[in-house]
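For reference, the structure discussed in these notes is given below.
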Amino acid sequence: MTDNPWIRPDHPIVIAHRGHSIALPENTMAAYRRAVELGTDMIEADVNITRDGRLVMMHDPTLDRTTTGTGRVSASTLEEVLRLDAGSWMGAEHVGTQVPTTEELLRFAAEAGILMCFEVKGADPDESDRIAIDLVDLFVRHDALGWAFMSSYHHRAMAVAKARVPELLLAPERLPDHVPADPVQASGQALALGAPVLQNHWRFATPALVEQCHADGVALWTWPTTEPEGIEISLDVRADAVMGDDVPAMVEAVARRARLAS
Numbered sequence: 491m492t493d494n495p496w497i498r499p500d501h502p503i504v505i506a507h508r509g510h511s512i513a514l515p516e517n518t519m520a521a522y523r524r525a526v527e528l529g530t531d532m533i534e535a536d537v538n539i540t541r542d543g544r545l546v547m548m549h550d551p552t553l554d555r556t557t558t559g560t561g562r563v564s565a566s567t568l569e570e571v572l573r574l575d576a577g578s579w580m581g582a583e584h585v586g587t588q589v590p591t592t593e594e595l596l597r598f599a600a601e602a603g604i605l606m607c608f609e610v611k612g613a614d615p616d617e618s619d620r621i622a623i624d625l626v627d628l629f630v631r632h633d634a635l636g637w638a639f640m641s642s643y644h645h646r647a648m649a650v651a652k653a654r655v656p657e658l659l660l661a662p663e664r665l666p667d668h669v670p671a672d673p674v675q676a677s678g679q680a681l682a683l684g685a686p687v688l689q690n691h692w693r694f695a696t697p698a699l700v701e702q703c704h705a706d707g708v709a710l711w712t713w714p715t716t717e718p719e720g721i722e723i724s725l726d727v728r729a730d731a732v733m734g735d736d737v738p739a740m741v742e743a744v745a746r747r748a749r750l751a752s
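Throughout the sequence shown, residue numbering follows my numbering, covering 491 to 752 in sequence.
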């Protein structure tokens, strides 16, 4: 048996991917707030860094896709990023939406009592390291170490942050994520980082992978469980969390499984 509280296949966590991003601009306070209103257990959100060293919530290392700006996030100051429109790309009704800072989201999560998973992004490995170090320092300042995970494809960045703050909760992405997993090797990636969780694409989630992770004391989270197929397969293999853009779809599926099991 394991004492890892994140292993919970009978009561999997619902994680809102970039907030309730199926209906609202991703990684914005509107998407995060709506996810909480709809009953998510956790919010997954992405972190980049500005030229003046401030952490902001944005998936891409560039501004072009989701804001009215252009170029790398790290080439703009915080003031410049906050002046951008982060909602009009999704529709006229979202004009004027602002990019949140990471501190703003941490304050919101603490007030809402919601779990968090912050994914370290960055334009290159050195930038990812900077983000991870500054992020874990923010966790400490906001007393978030018990309820905020750090995740990333950049395993070195997570290792640097955990060396700085050993109690940091990590949820690494499996590498590589676009091919089937070797269960022992996959679970080993989490163990090497001292992480209680491994993230894996739902297409490659299998009972063997989940069983190996659980045997090693590692929880498995699947993503992007936005469509019914991904949600149902994840629940079939007994994943410990589902992460997708459509919060009600995940909440309903998890509740239905619980009713059937009772």
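Virtual Cβ for every residue (Gly too), placed ideally from N, Cα, C.
Delimiting residues of the alpha helix (DSSP H) encompassing residue i
{"i": "A483", "result": "Absent from the structure is residue 483, since the part of the chain shown begins at 491 and ends at 752."}
{"i": "T712", "result": "No alpha helix (DSSP H) contains T712, which is instead part of the beta strand (DSSP E) from A709 to W713."}
{"i": "S677", "result": "P673 to L683"}
{"i": "E601", "result": "T592 to A602"}
{"i": "F629", "result": "P615 to R631"}
{"i": "V537", "result": "No alpha helix (DSSP H) contains V537, which is instead part of the beta strand (DSSP E) from M532 to I539."}
{"i": "E719", "result": "P718 to D726"}
{"i": "E527", "result": "M519 to E527"}
{"i": "V571", "result": "L568 to L572"}
Beta strand (DSSP E) segment containing residue i, residue limits
{"i": "S578", "result": "Run containing S578: none; DSSP gives neither H nor E here."}
{"i": "H549", "result": "Note, H549: premise wrong, no beta strand (DSSP E); not H, not E."}
Residue i and residue j closer than 8 Å at C-beta
{"i": "L605", "j": "D531", "result": "yes"}
{"i": "Q679", "j": "A661", "result": "no"}
{"i": "A651", "j": "I623", "result": "yes"}
{"i": "G734", "j": "I723", "result": "no"}
{"i": "G612", "j": "P551", "result": "yes"}
For residue i: DSSP bridge partner residues
{"i": "G734", "result": "A506"}
{"i": "V585", "result": "Paired residue(s): none; V585 is not in a bridge."}
{"i": "C703", "result": "Paired residues: none, contrary to the question."}
{"i": "E609", "result": "D536 and S641"}
{"i": "E663", "result": "Q689"}
{"i": "L545", "result": "I539"}
Any non-hydrogen atom of the ligand FAD within 7 Å of residue i CB
{"i": "V741", "result": "Ligands are entirely absent from the displayed structure, and the ligand FAD is therefore not among its contents."}
8 Å contact criterion, which residue i and residue j should meet: CB distance rounded
{"i": "A638", "j": "F608", "result": "6 Å"}
{"i": "A695", "j": "T716", "result": "About 15 Å separates the two Cβ atoms, so there is no contact after all."}
{"i": "L628", "j": "T592", "result": "6 Å"}
Would you be able to state if there are at least three C-beta pairs under 8 Å between the region 495-511 and the region 521-530?
Yes, the region 521-530 is in contact with the region 495-511.
Would the region 536-543 count as touching the region 565-572 if we require 3 or more Cβ pairs under 8 Å?
yes
Specify whether the region 499-506 and the region 577-591 touch according to this definition: at least 3 beta carbon pairs, one from each stretch, less than 8 Å apart.
no
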